[in-house]
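Novice: Under this note's numbering, read the sequence shown as residues 3 to 252, first letter to last.
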Amino acid sequence: MTLGLEPERRRGSRLARRLVALAVVLAMVPLVVLVVLDLRLTTALDRIDDAFTGLGARPAPATDGSVTMLMLATGTARADSPDLTWMPDDPAVISALFVTVSGDRRQVNVDWLPLRGPILAGISDSAPSSSVGAAEEWTGTRVDHLAVIDWPTFAQLGRDNEVTDVLPPGAGRGEQQAYLREVLEDTLHAEMRKEPWTLYKALHTTAEGMAVEDGWSTFDMNRLVFSLRDMRSAQIVLGALDRPLTKIGE
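Shown next, in the form of structure tokens:
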């Protein structure tokens with residue numbers, strides 16, 4: 003009888019090993035996705051030099067794990083659109099977005115900064131660090147990362163996810179917010195964990211129309227995005243900071 007049970011035991015052992023191997027492979031999928039993203043996005047992203055060079059007193063770094071980014075969105079120029087002279091072809095900025103990712107990665111706030119006063123002066127300066135300094139002075143919050151993205155990239159994300167509306171040239175903040183909300187709702191229609199290649203496609207589309215400061219590695223960028231893989235559009239809050247908050251030194 004013992005001899006008759008040996009083949010069953012061997013089959014059971016082989017099955018167990020295969021299940022363990024499958025579990026290991028599945029567990030490695032997020033890492034594989036990150037590595038692939040890092041390789042592809044490295045070639046797609048443009049870089050911004052000296053984003054934090056020459057800044058004086060700055061707000062203290064966040065202690066709650068939150069991450070902030072100043073995102074300058076370019077597009078068809080309006081009357082109040084400053085030019086980015088430190089970017090190729092001097093693109094016109096049509097919105098300055100202050101993006102805050104909460105420490106628990108459960109919420110993202112996207113606030114429009116006014117293209118006037120010190121914000122306008124900072125963006126119009128010949129150094130990218132002036133934009134960072136102006137945003138920090140206005141919000142009282144330390145900027146961790148600087149990025150430039152063109153609005154046609156949002157439009158491509160929309161087309162990839164069957165958004166039929168378009169952002170008209172010269173659109174104001176309200177129209178920009180409504181359009182971005184629709185794009186986000188359709189892009190984040192499912193948790194990214196369940197559709198890793200949808201995440202890859204969205205990130206690659208974004209990277210092709212985006213530049214980030216040279217100190218932010220694509221691997222760290224991908225880790226941040228991957229930590230938001232369960233984010234839904236309802237957890238992204240769009241707003242505006244029309245008045246300066248606490249200033250440096252107060």
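In this text, a Cβ means the ideal position worked out from N, Cα and C, and glycines have one as well.
#1: I need the straight-line Cα distance from T207 to R234, nearest angstrom please.
#2: Let's see if you can read the secondary structure: which residues bound the alpha helix (DSSP H) around F221?
#3: Only counting the same chain, and skipping five residues up and downstream in sequence, which positions put a Cβ closer than 8 Å to that of G172?
#4: Could you name the residues of the same chain whose beta carbon sits closer than 8 Å to that of D82, not counting the 5 residues immediately before and after it, in chain order?
#5: Given a cut-off of 8 Å, decide if V112 and A53 are closer than it, judged by their beta-carbon atoms.
#6: Please classify V168: is it buried, with 16 or more other beta-carbons within 10 angstroms of its beta-carbon, or exposed?
#7: Using alpha carbons as the reference points, say which of M223, T141, A236 and A209 lies closest to P61.
#8: DSSP puts T76 in a beta bridge; with which residues?
#9: So, at 6 Å on beta carbons, what are the nonlocal neighbours of T70 in its own chain, with the 5 sequence-adjacent residues on each side left out?
#10: With a cut-off of 8 Å on the beta carbons, I'd call D152 and T76 a contact; round off their distance for me.
#11: Which value, in whole angstroms, describes the spacing of the CA atoms of T155 and R231?
#12: By Cβ distance below 6 Å, which residues in the same chain neighbour A213 in space, the five residues on each side in sequence not counted?
#13: Excluding sequence positions up to five away, which residues of its chain have a Cβ less than 7 Å from the Cβ of I238?
#14: I'd like the span of the alpha helix (DSSP H) that includes L182, first residue to last.
#15: Helix, strand or coil: which one does DSSP assign to M233?
#16: Quick one: residues in its chain with C-beta nearer than 8 Å to the C-beta of G211, no 5 flanking neighbours on either side, listed in chain order?
#17: Can you name the residues that DSSP bridges to I125?
Specialist: The answer reads as follows:
#1: 19 Å
#2: T220 to F228
#3: T78 and R80
#4: L117, R118 and L122
#5: no
#6: exposed
#7: Nearest option by C-alpha distance: T141.
#8: Paired residue(s): V95 and D152.
#9: T102, T143, V145 and D146
#10: 5 Å
#11: 20 Å
#12: D48, I50 and V150
#13: V110, V112 and L186
#14: R175 to T189
#15: coil
#16: I151, D152, P154, T155 and Q158
#17: DSSP lists no partner for I125.
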